[in-house]
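Peer 1: Going by the working numbering, the residue at position 34 of the sequence shown is 252; the numbering climbs one at a time, nothing skipped. We put the CB at the ideal spot given by N, CA and C, even for glycine. Sharing a structure, written as structure tokens. Questions coming.
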Amino acid sequence: MAYVISDECVSCGACEAECPVNAISEGDDKYVIDADTCIDCGTCAATCPNGAISEG
Ligand code: SF4
219 MAYVISDECV
229 SCGACEAECP
239 VNAISEGDDK
249 YVIDADTCID
259 CGTCAATCPN
269 GAISEG
């Protein structure tokens, strides 16, 4: 399992720098989490000001 970013994402970028394994990158219309890299730590979910990140 990996965390996922929903359409609530407004591409603020707050999560990207917080991920300890650099699994987050900017996609076409929102940020995306690479499922193979994510270690399910949950740091990004706690960082998102929009509540857009949850366990997939
Ligand atoms: Fe990165 Fe942790 Fe979020 Fe996975 S849960 S994308 S490892 S910050």
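Would DSSP call residue 234 helix, strand or coil?
Peer 2: Of the three classes helix, strand and coil, the one that applies to residue 234 here is helix, per DSSP.
Peer 1: Mark residue 256 as exposed unless 16 or more other C-beta atoms lie within 10 angstroms of its C-beta, in which case mark it buried.
Peer 2: By the neighbour-count rule (16 or more Cβ atoms within 10 Å), residue 256 is buried.
Peer 1: Would residue 241 be called buried (16 or more neighbouring beta carbons within 10 Å of its own) or exposed?
Peer 2: By the neighbour-count rule (16 or more Cβ atoms within 10 Å), residue 241 is buried.
Peer 1: Using 10 angstroms around the beta-carbon of residue 270, count the other beta-carbons present and answer buried if the total reaches 16, otherwise exposed.
Peer 2: It counts as buried.
Peer 1: Check each candidate in 254, 232 and 230 and name the one with the smallest Cα separation from residue 239.
Peer 2: Of the candidates 254, 232 and 230, the one whose C-alpha sits nearest the C-alpha of residue 239 is 254.
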